[in-house]
Ligand SMILES: NC(=O)c1ccc[n+]([C@@H]2O[C@H](COP(=O)([O-])OP(=O)(O)OC[C@H]3O[C@@H](n4cnc5c(N)ncnc54)[C@H](O)[C@@H]3O)[C@@H](O)[C@H]2O)c1
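Residue numbers (UniProt numbering): 1 to 405.
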């Protein structure tokens, strides 16, 4: 298949492009490299040294003889270029990763809120409008998030996208399935909730074939392909905005930094290893909806864990200390989470779990590149409200106090 990977320079997009290229597909990456610019804005860098996207593609070609094409394009602002590219290239599938994906970044300031909404909503809508206009019957696979469901403890398992409801009508109760009501916990999650409505409309109005993957928090760094060459290495975020919880614990452990748990650590979240993430995308591509079908929604996660349990597990594995800090996010202190993921299991996914030795692999990668870490960028200091900002802990290591005494 000819596949467009939008956002293919990113943490999940790059290993997906490699995985699908390895399977023999013709891969085109479209990316505006905004994530690299955000690193510059924040004054951080990927823990792992990332080459330019052109260099990464050159190494892959040298190693395998397979070509990955790169196109520099902003999906949110270059509608006409996107449309022309689609019309010329006519991909059979489009995988859409190209959004600003950090909740803390989306909550930093009003400017970051505006950027995230403009970027994500326009990127998705431009793509949908261009697919309709060019008449390309490509299967669109979008990376959404488990966060659209919200994290209230309703007690019932979270279904895959649709909720069975019973509506009282004058002629008696009627059964119906509706999109699971969204309850976004940040501006970023709100944009993913908006995406869902855009997909629902274009599937129903224009017969676009769309799969929306509600992904859990991705952990790990290597996949079978990124391990093959030092210069194919994946990006690995450790900073307080883009680093995700389990990867941050593993990095913190590797550099002797306390594992920073926010609040009681009673938040339960869904997780997936990056290797399973790329495998799920391969499986979703094979299970495309037909024109006229409603949007296919899969929960792309393999296990759930309470944050403090994860911290204790990593502490036990590595001897790290755990630091309980005020929570900069506005969220429930404690929640339960039961999630259905039957569809991927039925398609043949064999989940990689935390127990499989890969935790130590991540710690080893982090130790290897520990010299690239700026410890002052480790704390998560983006606060959800002005009141919460007053309580944020900027110095979990207590360095400032030590230097005064
Ligand atoms: N990483 C996770 O834990 C996780 C969890 C759930 C869902 N997701 C979703 O998966 C997708 C990929 O996540 P990731 O971790 O690889 O993020 P990432 O930030 O590493 O990659 C996103 C890529 O998209 C590009 N991009 C952003 N806006 C663009 C635009 N307007 N035009 C062109 N390119 C643009 C960026 O430059 C970047 O290379 C995101 O949509 C994210 O919401 C990620």
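Ideal Cβ placement from N, Cα and C applies to all residues, glycine included.
Under the criterion of a Cβ to heavy atom distance below 7 Å, does residue i qualify as lining ligand 1?
i	result
residue 364	no
residue 31	yes
residue 193	no
residue 215	yes
residue 119	yes
residue 218	yes
residue 74	yes
residue 99	yes
residue 93	no
residue 123	yes
residue 6	yes
residue 12	yes
residue 382	no
residue 325	no
residue 106	no
residue 84	no
Going by DSSP in three states, residue i sits in which element: helix, strand or coil?
i	result
residue 324	strand
residue 11	coil
residue 385	coil
residue 25	coil
residue 406	Residue 406 is absent from the model: the chain starts at 1 and stops at 405.
residue 225	coil
residue 264	coil
residue 253	helix
residue 167	strand
residue 405	Reliability of the predicted coordinates at residue 405 is poor, the pLDDT of 47 falling under 50, and the value obtained from them is presented with this limitation in mind. Residue 405 falls in the coil class under three-state DSSP.
residue 239	coil
residue 233	coil
residue 411	Here the chain has residues from 1 to 405 only, and residue 411 is not among them.
residue 66	coil
residue 6	strand
residue 333	coil
residue 77	coil
residue 38	helix
residue 248	helix
residue 53	helix
residue 33	coil
residue 274	helix
residue 19	helix
Apply the 10 Å Cβ neighbour rule to residue i and answer buried if 16 or more other Cβ atoms are within range, or exposed otherwise.
i	result
residue 391	exposed
residue 61	exposed
residue 142	buried
residue 196	buried
residue 225	buried
residue 247	buried
residue 116	buried
residue 362	buried
residue 346	exposed
residue 145	buried
residue 165	exposed
residue 192	buried
residue 103	buried
residue 405	Because the pLDDT at residue 405 is just 47, under 50, the model does not fix this residue reliably, and the point stays unresolved.
residue 261	buried
residue 394	exposed
residue 15	buried
residue 222	buried
residue 216	buried
residue 31	buried
residue 208	buried
residue 338	exposed
residue 48	buried
residue 111	exposed
residue 23	exposed
How about residue i: is its C-beta nearer than 8 Å to some C-beta of chain D?
i	result
residue 2	Chain labels in this structure do not include chain D; a single protein chain is all it has.
Give me the residue from the options with the minimum Cα distance to residue i.
i	options	result
residue 365	139, 41, 265 and 234	234
residue 128	107, 111, 88 and 201	201
residue 10	109, 393, 124 and 237	237
residue 231	33, 4 and 63	63
residue 348	279, 314 and 162	279
residue 54	207, 126 and 71	71
residue 282	263, 298, 267 and 188	298
residue 210	69, 185 and 292	292
residue 406	35, 24 and 379	This structure leaves residue 406 out entirely; the chain is present only between 1 and 405.
residue 80	46, 204, 57 and 131	131
residue 306	383, 151 and 119	151
| Completely contained beta strand (DSSP E) runs for the segment 108-164, where each covers 3 or more residues | 139-145
| field | Any beta strand (DSSP E) of 3 or more consecutive residues that is wholly inside the segment 277-323 | value | 296-300 and 303-306
| request: Output the residue ranges of the alpha helix (DSSP H) runs that lie fully inside the segment 171-215 and measure 4 residues or longer, sorted by chain position. | output: 187-206
| In chain order, which beta strand (DSSP E) runs of at least 3 residues are fully inside the segment 340-401? | none
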